[in-house]
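>
Protein chains in written order, with the working numbering: chain A, 770 to 1025; chain B, 770 to 1025; chain C, 3 to 327; chain D, 3 to 327.
#1: Mind checking which residues open and close the alpha helix (DSSP H) that includes residue 287 of chain C?
#2: With a CB to CB cut of under 7 Å and the five nearest residues on each side skipped, what residues in its chain are close to residue 42 of chain D?
#3: State yes or no: is the C-beta of residue 297 of chain D within less than 9 Å of the C-beta of residue 121 of chain D?
#4: Assign residue 188 of chain C to one of three DSSP states: helix, strand, or coil.
#5: Under 8 Å between beta-carbons, which chain A residues line up against residue 123 of chain C? List them in chain order, please.
#6: Does DSSP classify residue 774 of chain A as helix, strand or coil?
#7: Quick one: using the 10 Å Cβ neighbour count with 16 as the cut-off for buried, is residue 335 of chain D buried or exposed?
#8: In the region 217-246 of chain C, which residues sit with their C-beta less than 7 Å from some C-beta in chain B, listed in chain order?
#9: What are the complete alpha helix (DSSP H) segments, minimum 4 residues, inside the region 49-106 of chain C?
#10: Residue 263 of chain D lies in the beta strand (DSSP E); which residues open and close that run?
#11: Under 9 Å, do residue 1000 of chain A and residue 5 of chain C count as touching if we go by C-beta distance?
#12: Can we count residue 257 of chain D as close to the ligand FMN, meaning its CB is less than 8 Å from some heavy atom?
#13: Find out if the Cβ-Cβ distance for the pair residue 934 of chain A, residue 987 of chain A is shorter than 9 Å.
#14: Alpha helix (DSSP H) containing residue 137 of chain D: first to last residue?
#15: Counting only beta-carbon atoms, is residue 6 of chain D nearer than 9 Å to chain B?
#16: Can you give the beta carbon distance from residue 803 of chain B to residue 868 of chain B, rounded, assuming they're within the 8 Å contact cut?
#17: DSSP three-state label for residue 227 of chain C, please.
#18: If you measure from the beta carbon of residue 891 of chain A to each beta carbon in chain D, is any gap under 9 Å?
#19: Would you mind listing the beta strand (DSSP E) stretches within the region 840-888 of chain A that are 3+ residues and don't spill past its ends, in chain order?
#20: Evaluate the contact criterion for the region 935-947 of chain A versus the region 968-988 of chain A: three or more CB pairs, one atom per stretch, below 8 Å.
#21: Got a sec: is the Cβ-Cβ distance from residue 119 of chain D to anything in chain B below 9 Å?
#22: Helix, strand or coil for residue 171 of chain C? Go by DSSP, reduced to three states.
#23: Which residues does DSSP list as the beta-bridge partners of residue 160 of chain D?
#24: Pull the bridge partners of residue 962 of chain B from the DSSP assignment, please.
#25: Where does residue 222 of chain D fall in DSSP's three states?
#26: Just tell me which of C/25, C/176 and C/225 has its CA closest to the CA of residue 335 of chain C.
#27: Using a Cβ cut-off of 9 Å, pull out every chain C residue sitting near residue 840 of chain A, in sequence order please.
#28: Going by C-alpha distance, which of A/770, A/981, A/827 and A/812 is nearest residue 796 of chain A?
#29: Does residue 311 of chain C have its Cβ less than 9 Å from a Cβ in chain B?
#30: Cα separation between residue 110 of chain D and residue 183 of chain C?
#31: Tell me whether residue 840 of chain A is buried or exposed, calling it buried when 16 or more other Cβ atoms sit within 10 Å of its Cβ.
#32: For residue 985 of chain B, I'd like the list of residues in its chain whose CB is within less than 6 Å of its CB, leaving aside the five on either flank, ordered along the chain.
#33: Based on the DSSP secondary-structure assignment, which residues constitute the bridge partners of residue 247 of chain D?
#34: What does residue 860 of chain A reach in chain C if we use C-beta pairs closer than 7 Å?
#35: So residue 206 of chain D contacts chain A; which residues on that side make the cut at Cβ distance below 8 Å?
#36: Contact criterion: CB-CB distance below 9 Å. Does residue 3 of chain C meet it with respect to chain A?
Right, here's the structure in full:
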């Protein structure tokens, strides 16, 4: 069965979510991954937005995390304070998995969603942190969605918005951050993870039909590709649930 | 018209409350003073409890600040965080007048509601601060109710629970407290205030029939009595409102 | 797993599972309102000892735990019970006799300490208590703190404002976070998953709930998940914080539960009398707690008449014209 | 006097009275929901300039204030608008051209800064942003801060945990309090005294409201004091914080107001298109803001059909099956 790159990315992300996880997500593909996980492999995971809604029903796809669609049928409607405290909290925070995106990422999973160019005289200004820096600071595991492009996988970020493993190994500890950091990068070509000790990014999997060389060509920095295996494509059932249950209007999945 | 000492104290306190004040009160006589003020001289004052109720209706007299009677008909039911933040807040806090009581008071209006005797081996243990220390720390004006007894007006507190003017003049400033502190002490014999500069307690008024000497006899420390005048007793109207409107069952006023 | 769908448990099981000898605990409510009394009585019945109790002004529940000898150490702001006890009687006696160790804070400080725990930060700043004995006198010595990993090394820290005179503030007091082993709160409504709704004032229950490693929710009414989710704005306790949901009607009795019942002045006055007398208090413990199996039995012992007297008026939420003196 | 019984005012008067050239302000809502848009348009109409704006993710309202040239400086966490603009267009252009000065924070940090202001403390600690450029890069220089008494002298301060390793925390970032000159929020219900009720998510509105020197409440519905007090648990805005109550139906339009109406995808998409083109944007300003007298006129200009399309379903609180792409 044919599937799109976006569908592949969504399903790969959904598989990272474990039953019992509290999934911090934004709108778009990250929310869709959380919805897919809940419907496929992690029925008792919880969808959770920085705006303060816990376990929203999502009868319709929200266009923003503040969309009224996240308020209806939630377990609880709070506010930003509640949401971020849940992630910084020692008990609930341990169960949170964050899903983020960015304009740039470096080899240690640090990300930039603020500017391209000089901070005081930027070539391109993006939205800025939003809650991403907080999530990346607090939670033990996060998934980062990226387009696999050379200008996005960079040697040096123009601005470090949200901490990954900072300068590697003990980077987070030295900075005073909670343990954790990014666990997996999901792109339109591949899945990257981080070495346990060095915290350097490595190629963990490539999508069917994508060559390792092509992946490397689309990054400014080198990564270890020796452990990479082909990523299992979405199963029929995964696709069926994603398409029919999660985004039947293809508001986020886009055209086939 | 005859009136009791408790009625006198309540009315004297009520007169301190200005229209527009937010009155922090506990149960008992402090609440009754707030209710009297609202019905007599400060119709747009607000009754406010540390438990988080704002402008409760008080159709019946609450027996504690957590009594369900403070919840019904309030403008807003919050919690302790909201209540204390309202007093520490730079805008709303400026309008709050606190009403407190204590086991001991010193010449600078510092109070003890914790222990008599050694802290680690107390002769008598009292309730402790509750919210009193917070109120005394935050708000610009407070009223303190006391029984006029020698063991209560002491040279040295056994425990300083809630700050008055600390060691006088710049005591609060040096300690880092917000400006303000106790404004008036209302006892069953007299009204005491604090000198503008030295922050020492002085006798401001004595109740009809009470001699200055008797007041001094009932205190461990001397106070200036040269400015004292007789305190105006409750008017007919004040008494009528207090008795008929505020505490018709005399739950707090007690027997006539 | 705190995200599971069904957390319903019996009270005996929930207390047995989460409250241990030496546990650091807190209970919800304030003085005579919404204390989780059924759970308090169950703790006493299970003869759990050496509790380290964190309290702002939790009143009746705290005094009963102390009276029954369950508490070894307490950090507290207010040991009173409104008009029913200017100072709680068992509390007063235990402190005077030195049978419990005590450390004093203010109500706001205790609340902020729970808030810090719920936020996952080690401390919060406050402008309260500067220059007082609350800062100067520590109930627990530095030595005992250093030995105990469950206690911060300092009681309170006074610090200069690192932002200069920002907000005209020269100094602040830092209060250390509390994370209890277990917290028990009583709410009006909950579903089996643990979403909880408090009606009326929430006191510090929400902060206490979120600062606990384990959270037991006792509830007046157990309602369907679908129903509790029709008004998510009115829920304060997220199910992701909850470990056990226990359905206990009259679970706050003899304290009040807004919209359901009032405090029972007869019980509270009797209690105050009994607590002052060792013999009477022993008899009280036997009759009302040890010889009782479940909270339902206590409610039956109290009887229809008194329950009817404290039944809340559906409009005001309390028992109007209740005889309370 | 913030305790007065009647604070009802017209929008023109309220904005004129409290929002001045150079005011430090914040607005409520989040991206495409419950922004106080009527007030935003009134500020633009009154040609108020040089605003210092504090924003977490206030979205549409922030972008329109920037686009219309009202803003000089902004402290912000997120200048996006959900699916309607990954980065808000006027915001992006203004920053790239250097026509506004900007300083970056995270959403939690901005919220905590409002909370600190509402609590009356100079700072709050957080474990977010350690090691990032949010800490390292200041948008406003130290020199400019020292000159401006309305700004703290430092952006953020990294501090060792004074309680040792309590809560396994070595370091925290301290965020300075915000107290705005005026904050404007739009709520679903209010009474004339200013008690306000937000339905659905409150975002950071409550903290923003309580950190303001002056607070303007615009409301969808003005209800009787007696009525709003029948459910005090559901009210979040205390009247003691409020200066003006303005009744503006559709006051959040074109953003959403839960239980009343949805965002208008037509408007938001048109806006995104116009904002990208200087000429079209000028025309937009003329037609939809400057040549309009009141928000009611804007609503009339939009017309029945579009309003009907975004009318909230009474059960879900949004417009089900609204065409949104």
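Ideal Cβ placement from N, Cα and C applies to all residues, glycine included. Treat the numbers as computed from the prediction; the structure is a model and nothing was measured.
Taking the geometry as given:
#1: Position 285 of the third chain, counting from 1, holds the residue named residue 287 of chain C. Residue 287 of chain C -> no alpha helix (DSSP H), and no H or E assigned at all.
#2: Sequence index remark: in the fourth chain, residue 42 of chain D carries index 40 (1-based). Closer than 7 Å at the Cβ level, and outside the excluded window around residue 42 of chain D, lie 29, 63, 66 and 67.
#3: For the purposes of this step, residue 297 of chain D is taken as residue 295 along the fourth chain, with counting starting at 1. For the purposes of this step, residue 121 of chain D is taken as residue 119 along the fourth chain, with counting starting at 1. No, they are not a contact pair.
#4: Locating residue 188 of chain C in the third chain gives position 186, where the first residue counts as 1. Strand, per DSSP.
#5: Against the third chain, residue 123 of chain C aligns to sequence position 121. 857, listed in chain order.
#6: The sequence position of residue 774 of chain A within the first chain is 5, counting from 1. Residue state, collapsed to three classes: helix.
#7: Shown here, chain D extends from 3 to 327; a query on residue 335 of chain D therefore has no answer.
#8: none
#9: 62-69 and 91-99
#10: Here residue 263 of chain D refers to the residue found at position 261 when the fourth chain is read from its first residue. Per DSSP, residue 263 of chain D belongs to no beta strand (DSSP E) and is neither H nor E.
#11: Here residue 1000 of chain A is taken as the residue at index 231 of the first chain, counted from 1. Here residue 5 of chain C is taken as the residue at index 3 of the third chain, counted from 1. No, these two residues do not count as a Cβ contact at 9 Å.
#12: You won't find the ligand FMN in this model; it holds no ligand whatsoever.
#13: On the first chain, position 165 is the one that residue 934 of chain A refers to. On the first chain, position 218 is the one that residue 987 of chain A refers to. No, they are not a contact pair.
#14: Locating residue 137 of chain D in the fourth chain gives position 135, counting from the first residue. Residues 135-138.
#15: Residue 6 of chain D sits at position 4 when you count from the first residue of the fourth chain. Taking Cβ atoms only, chain B reaches closer than 9 Å to residue 6 of chain D, which makes this a yes.
#16: Start at 1 with the first residue of the second chain, and residue 803 of chain B comes out as number 34. Start at 1 with the first residue of the second chain, and residue 868 of chain B comes out as number 99. The Cβ separation is near 7 Å, so the contact holds.
#17: If you number the third chain from 1, residue 227 of chain C lands on position 225. Three-state DSSP puts residue 227 of chain C in a helix.
#18: Counted from its first residue, the first chain places residue 891 of chain A at position 122. Output row for residue 891 of chain A: interface = yes.
#19: 865-870 and 884-887
#20: yes
#21: As a first step, residue 119 of chain D must be located in the fourth chain, where it is residue number 117. So yes, residue 119 of chain D belongs to the interface.
#22: If you number the third chain from 1, residue 171 of chain C lands on position 169. Correct three-state label for residue 171 of chain C: coil.
#23: As a working mapping, residue 160 of chain D is identified with position 158 in the fourth chain. Paired residue(s): D/175.
#24: Sequence index remark: in the second chain, residue 962 of chain B carries index 193 (1-based). In the DSSP output, where bridge partners are listed per residue, residue 962 of chain B has B/953 and B/971.
#25: Taking the first residue of the fourth chain as position 1, residue 222 of chain D is located at position 220. Residue 222 of chain D falls in the strand class under three-state DSSP.
#26: Because chain C in this structure spans residues 3 to 327, residue 335 of chain C falls outside the shown range and cannot be described.
#27: Locating residue 840 of chain A in the first chain gives position 71, where the first residue counts as 1. The answer, in chain order, is 234 and 235.
#28: As a position in the first chain, residue 796 of chain A is number 27, starting the count at 1. Among A/770, A/981, A/827 and A/812, the Cα nearest to that of residue 796 of chain A belongs to A/827.
#29: Reading the third chain from its first residue, position 309 is the one you call residue 311 of chain C. No, its Cβ sits nowhere closer than 9 Å to a Cβ of chain B.
#30: Translated into positions along the fourth chain, residue 110 of chain D becomes position 108. Translated into positions along the third chain, residue 183 of chain C becomes position 181. Their backbone Cα atoms lie some 27 Å apart in a straight line.
#31: Along the first chain, one-based indexing puts residue 840 of chain A at 71. Label assigned to residue 840 of chain A: buried.
#32: Taking the second chain and counting its residues from 1, the one referred to as residue 985 of chain B is at position 216. Taken in chain order, the list of residues that qualify is empty.
#33: Looking up residue 247 of chain D in the fourth chain gives position 245. Partner(s): D/10 and D/219.
#34: For the purposes of this step, residue 860 of chain A is taken as residue 91 along the first chain, with counting starting at 1. Those are 215, listed as they occur along chain C.
#35: Against the fourth chain, residue 206 of chain D aligns to sequence position 204. Result: 848, 849 and 850.
#36: Locating residue 3 of chain C in the third chain gives position 1, where the first residue counts as 1. At least one chain A Cβ lies under 9 Å of residue 3 of chain C.
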